[in-house]
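Residue numbering for the sequence shown follows UniProt numbering, beginning at 1 and increasing consecutively. Note that the Cβ used here is the ideal one computed from N, Cα and C, for glycine as well. Right, one structure below, let's go through it.
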Amino acid sequence: MRRGRTAQTTPDEGQLRINDYWSRWAGQYEAHQADRRRAEGEDEIWGKVWGPALPDPPARVLDVGTGTGAAAFRVAALGHQVLGIDLAEGMLEQARRKAGTHGNPRFAKGDAAEPPFGDGMFDALTARYVLWTLRDPQIALEHWLRVLRRGGVLVAVDSLWFPTGLDGHGADGRLSAREADFRRAYRGQREALPLAEAASISAFAERIEAAGFADVTVEELPGLLEQDLRYGVAPGHRAQMQYLIRAVRPLS
């Protein structure tokens, strides 16, 4: 791992525009998440996604790009100690409101691409729908490797969200206000987000392996697809196969 490399410490205009987008739509995003939490079988399916892939509880888990805490709350419910970080203040407000006075999970402002923590502080790192958003995935993944203890695990859930291009979001010609705002926020970001338009999930696995992770595995998640087909997806998206990607920080 090339520890000398760092991501850009101060977010540039493009990153700030993206952060602002997610903050503006945090309420609507959380409303959809709340609807799905009430869906029959939702908690059970996500428990089967996270549970077997993570270490035995209680583990110290960092949830990067936590958003409104969807993964953080479910992983905490499995018995783990979870810290969720995000740069979008609006998302963090929603997560903290749900957490109330409970001490687990906890939430803090932090950059998923460069987590502000020391080496080996966590037993596991979770990333739900985050890999595609990374502006320099190689550097970010090296930081994820760094904050994990030796033998610690990365557990990510993601998909091929925009294989026809970021401008394809809402491409049926009937853009909602949120879809139009998404286009504005992500305009000009194609080259900065190399995984956003990936055509194969192997592109994700290859980046993870190149960052120094070992035992990289990819698993289809048909149960999540069935839930999406039955209960619907977030505005501007379509039901599609999602994948569980698991990798380990080598012991040496």
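- Looking at the DSSP output, Ile85 sits in a beta bridge with Val64 and Ala108.
- Within the same chain, and ignoring the five residues on either side of Arg149 in sequence, the residues whose Cβ sits closer than 8 Å to its Cβ are Gly120, Met121, Phe122, Asp123 and Arg249.
- Collapsing the DSSP output to three states places Gly212 in coil.
- Of Asp111, Gly118 and Ala71, the smallest CA-CA separation from Ala99 is found for Ala71.
- Beta-bridge analysis with DSSP links Arg128 to Val157.
- For Val248, the enclosing beta strand (DSSP E) begins and ends at Tyr243 to Val248.
- Between Val157 and Val64, the C-beta spacing is not below 8 Å.
- Spanning the alpha carbons of Arg97 and Gln33 requires a straight line of approximately 14 Å.
- Annotation for Gln138: Arg207, Ala210 and Ala211 place their beta carbon closer than 7 Å to its own, counting only its chain and skipping 5 residues before and after.
- Within the same chain, Cβ atoms closer than 6 Å to the Cβ of Phe117 are found at Val147, the five residues on either side in sequence being excluded.
- By the Cβ rule, the stretch 160 to 167 counts as touching the stretch 189 to 200, because three or more pairs are nearer than 8 Å.
- Counted as a single uninterrupted DSSP element, the alpha helix (DSSP H) harbouring Gln227 occupies residues Pro222 to Tyr231.
- Between the alpha carbons of Arg178 and Trp25 lies a gap of roughly 7 Å.
- Secondary-structure assignment with DSSP links Thr217 through a beta bridge to Arg246.
- Beyond the five residues adjoining it in sequence on each side, Val130 comes within less than 8 Å, by CB distance, of Val64, Gly65, Ala112, Ala156 and Asp158 in the same chain, given in chain order.
- In the DSSP assignment, Phe122 is bridged to Leu148.
- Ranked by Cα distance from His80, the options Ala88, Gly69 and Asn104 are led by Asn104.
- For Leu224, same chain residues with a beta-carbon under 6 Å away, outside a window of 5 residues either side, are Gln242 in chain order.
- Proximity to Leu92 across Val75, Gly14 and Trp22 peaks at Trp22, based on C-alpha coordinates.
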